[in-house]
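Data block below; observations after.
There are 2 protein chains.
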Amino acid sequence: MRIAILAHERFPDGAKTATGVLRYGQHDVVAVLDREHDGANASALRRDLPETPIVASFSDLDEPVDALLIGISPIGGGFDETWRPDVRAALRAGCDVISGLHYFLEDDSEFRSLAEENGCELWDVRRPPSDLGVADGVADEVEATVVATVGTDCGVGKMTTTLELVERARERGHDVAFVPTGQTGIMIEGWGYPIDRTISDFTAGAVEEMILERGNDHDYLFVEGQASIVHPAYSGVTAGILHGSQADDLVLCHAAGRENFHGFSQALPPVPEFVDLYESMAAPVGGGEVVAGALNTSTVADDDEAAAAVEAYADALGRPAADPVREGPDAILDAIL
Amino acid sequence: MRIAILAHERFPDGAKTATGVLRYGQHDVVAVLDREHDGANASALRRDLPETPIVASFSDLDEPVDALLIGISPIGGGFDETWRPDVRAALRAGCDVISGLHYFLEDDSEFRSLAEENGCELWDVRRPPSDLGVADGVADEVEATVVATVGTDCGVGKMTTTLELVERARERGHDVAFVPTGQTGIMIEGWGYPIDRTISDFTAGAVEEMILERGNDHDYLFVEGQASIVHPAYSGVTAGILHGSQADDLVLCHAAGRENFHGFSQALPPVPEFVDLYESMAAPVGGGEVVAGALNTSTVADDDEAAAAVEAYADALGRPAADPVREGPDAILDAIL
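Going down the list, the sequences are from chains A and B.
Counted from 1, the first sequence has number 175 at position 175 by the numbering used here; the numbering is strictly sequential.
Counted from 1, the second sequence has number 614 at position 277 by the numbering used here; the numbering is strictly sequential.
Take a look at the structure:
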């Protein structure tokens, strides 16, 4: 699928969805729309991004695309009215529009009529399907080994770790599927339920449904985790993924130097306590164990310092660890495969 | 408020909402509607229920009421069409209708027009307000001591324990408020959010909002718990209540003889493990400790056997315990007040 990604004024570092899709998506990204970086190239702005031209608007695209993907999400998840001309132009050109905003494009009467007139689809990734239900507690019955990333906090690299593991496992010849649980992961995979938006009674059920749908067609499922099992606001999402997936292997993700839950006053417990917490929570339902750790060292400039931080993290865990982006995920994969 | 409670063909044992409101609500219950027990009295059907006449339909009521409360919830939460004449008659008589069904009365066009014509309100208790948000992690800042019931499983008596504790604490002269989290509790209190129906990102936030709303006006808040922290389907709801409330004291509720999660193949962990699980999950956010236990012995016929079961439960917990219905909640309250 040929796509353009809208990321005005936030690209690259404020556009996690855009950079996630650029790095890990299977899409053919024709261009990024960013009026601030018109004429630049994504790979020049950040070296981990593929070569992708940046243009000022949808009408500046040199070639046709199948879809426009909204690659940014302002705080609150609203729709920025300065994006309307791009979405309008995309729909008039017969393109689908994919969005992870809290504001649903399908509820916008102009977009809905334009989509109908031009035979396009509006895909609001954050809208969970209405037929989700309660978990049956049977995710462990699938044939695949289920691996889940879990975290000490939000924003420590669970999605990136999961995607690096999937990519490298495939390179190593394994039959692996990715189970996304958040908007960026869903856009990358083109499938999945937004677990943070489900009704709380159905959180585990939505995850279980994904595991059952893919778990007999692959040797390994890699489930994208969310938040932290003791997060002051989001622990319910984490618990739902842990028990809904009944993962066999857990990979504990953490960010170097993180001391408090991001945006909260509460301190993170020490790393070994997280191992105990996840394993004792998993024991009655699924019985998963922490087999390795992933440390995000992106805030550590010096490579030697980063390597030392990873080593200290592995010591605290008593398990192998790596920074899957800086060092590659092989040390983690070796503990799983 | 004078009310009638609809509980056709399920009263009393299949009508948890009806019996909960009869036992613990502040309402003046004029009658129960149950076409199967027309002419009987609630207190004759079950000795723990107050004297309340039973009539066959709304039009058989001897005196006017302010509201009709739907006191049963079939599996799936649908609306039984045989109830329509009662709801219609109530609205035509100018009564409000209170419902905890998944099927929202407000979305029923006949009921909505009747309510408008007659100036009545339809209160769908299970519909969460649309303005809930993410928790700020600040529930511990309220002045009240926050007590939460937690459980080994669903249906072990968390709501009943909470309400018995509230009632007895008031009798003992304390300034206490009840914080409901489920439909029956909300109907009893006339206030509260249905935590199992919130968006999973907002589960803790909805609980926190209730704590902040009442936490500076009372000496104690008693929070109704839900499910179990290791429940195969609902652990996310439990985690959200634990971290959203940041309860100081936890009362662990259990049912005598319960070995598996109700309706699931997974075995319950031993009781001492539940104490560790709840305390280690609470430690980073709120720091609550299990101070006492409540054992539901309703399935044990013999009083001596029930007392022995409570004693064994207290030993396993290493804390005081009681069956709050059979023995009264004083032993539990003494550990809190």
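Think of the CB as a built atom: it goes at the ideal place given N, C-alpha and C, for glycine as much as any other residue.
Per-residue burial, N296 of chain A [other beta carbons within 10 Å of its own, 16 or more giving buried] | Taking the first residue of the first sequence as position 1, residue 296 of chain A is located at position 296. Around the beta carbon of N296 of chain A, a 10 Å sphere encloses 16 or more other beta carbons of the protein chains shown; the residue is thus reported as buried.
Does DSSP put G519 of chain B in a helix, a strand or coil?
-> One-based indexing of the second sequence puts residue 519 of chain B at position 182. If DSSP states are grouped into helix, strand and coil, G519 of chain B belongs with coil.
Use the C-beta contact count for D468 of chain B: other C-beta atoms within 10 angstroms, 16 or more gives buried, fewer gives exposed.
-> Your numbering for residue 468 of chain B matches position 131 in the second sequence. D468 of chain B sits exposed, since fewer than 16 C-beta atoms from the chains shown fall within 10 Å of its C-beta.
Using a Cβ cut-off of 9 angstroms, pull out every chain A residue sitting near T354 of chain B, in sequence order please.
-> On the second sequence, residue 354 of chain B is found 17 positions in, with the first residue counted as 1. Ordered by position in chain A, no residue passes the 9 angstroms Cβ test against T354 of chain B, which lies about 17 angstroms from the chain.
With respect to the beta strand (DSSP E) encompassing V627 of chain B, which residues constitute its N-terminal and C-terminal limits?
-> For this step, residue 627 of chain B is matched to residue 290 along the second sequence. Looking at the DSSP string, the run of the beta strand (DSSP E) that includes V627 of chain B is 626-633.
Just how far apart, CA to CA, sit G39 of chain A and A4 of chain A?
-> Along the first sequence, read from residue 1 onward, the residue named residue 39 of chain A stands at position 39. Along the first sequence, read from residue 1 onward, the residue named residue 4 of chain A stands at position 4. Cα atoms of G39 of chain A and A4 of chain A: separation of roughly 15 angstroms, rounded to the nearest angstrom.
Could you tell me the distance, in whole angstroms, from the CA atom of E373 of chain B to the CA atom of H345 of chain B?
-> Numbered from its first residue, the second sequence carries residue 373 of chain B at position 36. Numbered from its first residue, the second sequence carries residue 345 of chain B at position 8. Taking the straight line from one Cα to the other gives about 7 angstroms.
When we look at the beta-carbon of E454 of chain B and count the other beta-carbons within 10 Å, is it buried (16 or more) or exposed?
-> Indexing the second sequence from 1 puts residue 454 of chain B at position 117. Exposed is the label assigned to E454 of chain B, since fewer than 16 other Cβ atoms lie within 10 Å of its Cβ.
Grouping DSSP H, G and I as helix and E and B as strand, with all else coil, what is T486 of chain B?
-> Within the second sequence, residue 486 of chain B is the residue found at index 149, counting from 1. T486 of chain B: strand per DSSP, three-state reduction.
Check W191 of chain A in the structure and name its three-state DSSP category.
-> Within the first sequence, residue 191 of chain A is the residue found at index 191, counting from 1. Note: W191 of chain A maps to coil in three-state DSSP.
Measure the alpha-carbon distance for T162 of chain A versus A148 of chain A and round it to whole angstroms.
-> Stepping through the first sequence from its first residue, residue 162 of chain A is reached at position 162. Stepping through the first sequence from its first residue, residue 148 of chain A is reached at position 148. Computed Cα separation, rounded: 8 angstroms.
So L221 of chain A is in the beta strand (DSSP E); what residue range does that whole segment cover?
-> Position 221 of the first sequence holds residue 221 of chain A. Element bounds for L221 of chain A: 220-223.
Compute the distance between the beta-carbons of C154 of chain A and F261 of chain A, then report whether it is under 9 angstroms.
-> Your numbering for residue 154 of chain A matches position 154 in the first sequence. Your numbering for residue 261 of chain A matches position 261 in the first sequence. Yes, Cβ-Cβ distance for C154 of chain A and F261 of chain A is below 9 angstroms.
Simplified DSSP state of V271 of chain A, which is helix, strand or coil = Reading the first sequence from its first residue, position 271 is the one you call residue 271 of chain A. DSSP places V271 of chain A in helix when its eight states are reduced to three.
Using a cut-off of 8 angstroms between C-beta atoms, extract the partners of Q603 of chain B located in chain A.
-> For the purposes of this step, residue 603 of chain B is identified with residue 266 of the second sequence, where counting begins at 1. Neighbourhood of Q603 of chain B in chain A, by CB distance below 8 angstroms: G137, P284, V285, in chain order.
Closer than 9 angstroms to chain A by CB, A576 of chain B = Here residue 576 of chain B refers to the residue found at position 239 when the second sequence is read from its first residue. Yes - at least one Cβ of chain A is within 9 angstroms of the one on A576 of chain B.
Name the residue from A:Y278, A:P128, A:S245 whose alpha carbon lies nearest to the alpha carbon of L252 of chain A.
-> As a working note, residue 252 of chain A is residue 252 in the first sequence. Taking only the C-alpha atoms, the option nearest L252 of chain A is A:Y278.
Among B:G519, B:A629, B:A352, B:D671, which residue has its Cα nearest to the Cα of A680 of chain B?
-> With chain B running from 338 to 674 in the structure shown, residue 680 of chain B is simply not present.
So does the segment 208-226 of chain A actually touch the segment 127-143 of chain A, counting three or more Cβ pairs closer than 8 angstroms?
-> A contact between stretches requires three or more CB pairs, one per stretch, nearer than 8 angstroms, and the segment 208-226 of chain A meets this requirement with the segment 127-143 of chain A.
At 8 angstroms on the CB atoms, spell out the chain A contacts of G542 of chain B, in chain order.
-> For this step, residue 542 of chain B is matched to residue 205 along the second sequence. For G542 of chain B, the neighbours in chain A by C-beta distance under 8 angstroms run, in chain order, A233.
Residue from B:R663, B:A430, B:G665 whose Cα sits closest to the Cα of P401 of chain B | To locate residue 401 of chain B, count along the second sequence from 1; it is residue 64. Ranked by how close their Cα comes to the Cα of P401 of chain B, the residues B:R663, B:A430, B:G665 have B:A430 in first place.
Check each residue of the segment 181-198 of chain A: if its Cβ is closer than 7 angstroms to any Cβ of chain B, include it; give the result in chain order.
-> Only those residues of the segment 181-198 of chain A whose C-beta falls short of 7 angstroms from the nearest C-beta of chain B are listed: I195, D196, R197, T198.
Interface residues of chain B facing L277 of chain A [CB-CB closer than 8 angstroms] | Within the first sequence, residue 277 of chain A is the residue found at index 277, counting from 1. In chain order: S617, M618.
A233 of chain A versus B:V662, B:H568, B:T575, residue with shortest Cα-Cα distance = For the purposes of this step, residue 233 of chain A is identified with residue 233 of the first sequence, where counting begins at 1. That would be B:T575, whose Cα lies nearest to the Cα of A233 of chain A.
DSSP beta-bridge partners of I391 of chain B = Locating residue 391 of chain B in the second sequence gives position 54, counting from the first residue. By DSSP's assignment, I391 of chain B forms a beta bridge with B:V369.
Where does D302 of chain A land, buried or exposed, given buried means 16+ other C-beta within 10 angstroms?
-> Counting from one through the first sequence, the residue named residue 302 of chain A turns up at place 302. So D302 of chain A counts as exposed.
Quick one: is E273 of chain A near chain D, going by C-beta distance under 9 angstroms?
-> Note that chain D does not occur in the displayed structure, where the protein chains are A and B.
Note down, in chain order, every chain A residue with its Cβ under 9 angstroms from the Cβ of V567 of chain B.
-> In the second sequence, counting from the first residue as 1, residue 567 of chain B sits at position 230. Within chain A, the residues near V567 of chain B are A239, H243, S280, M281, A282, A283, P284, V285.
DSSP on I548 of chain B, reduced to helix/strand/coil?
-> As a first step, residue 548 of chain B is located in the second sequence; it is residue number 211 there, counting from the start. Three-state DSSP puts I548 of chain B in a helix.
Below 9 angstroms between beta carbons: does that hold for Y220 of chain A and P128 of chain A?
-> Stepping through the first sequence from its first residue, residue 220 of chain A is reached at position 220. Stepping through the first sequence from its first residue, residue 128 of chain A is reached at position 128. Not closer than 9 angstroms, so no.
Report the rounded CA-to-CA distance for E106 of chain A versus D538 of chain B, giving the unit in angstroms.
-> As a working mapping, residue 106 of chain A is identified with position 106 in the first sequence. As a working mapping, residue 538 of chain B is identified with position 201 in the second sequence. Between E106 of chain A and D538 of chain B, the C-alpha separation is close to 22 angstroms.
Supposed close pair A282 of chain A, L242 of chain A - CB separation, criterion 8 angstroms = Translated into positions along the first sequence, residue 282 of chain A becomes position 282. Translated into positions along the first sequence, residue 242 of chain A becomes position 242. With a Cβ gap of about 6 angstroms, A282 of chain A and L242 of chain A count as contacting.
Is the shortest distance between the beta-carbon of P74 of chain A and the beta-carbons of chain B less than 9 angstroms?
-> The count along the first sequence starts at 1 and reaches residue 74 of chain A at position 74. So, not an interface residue.
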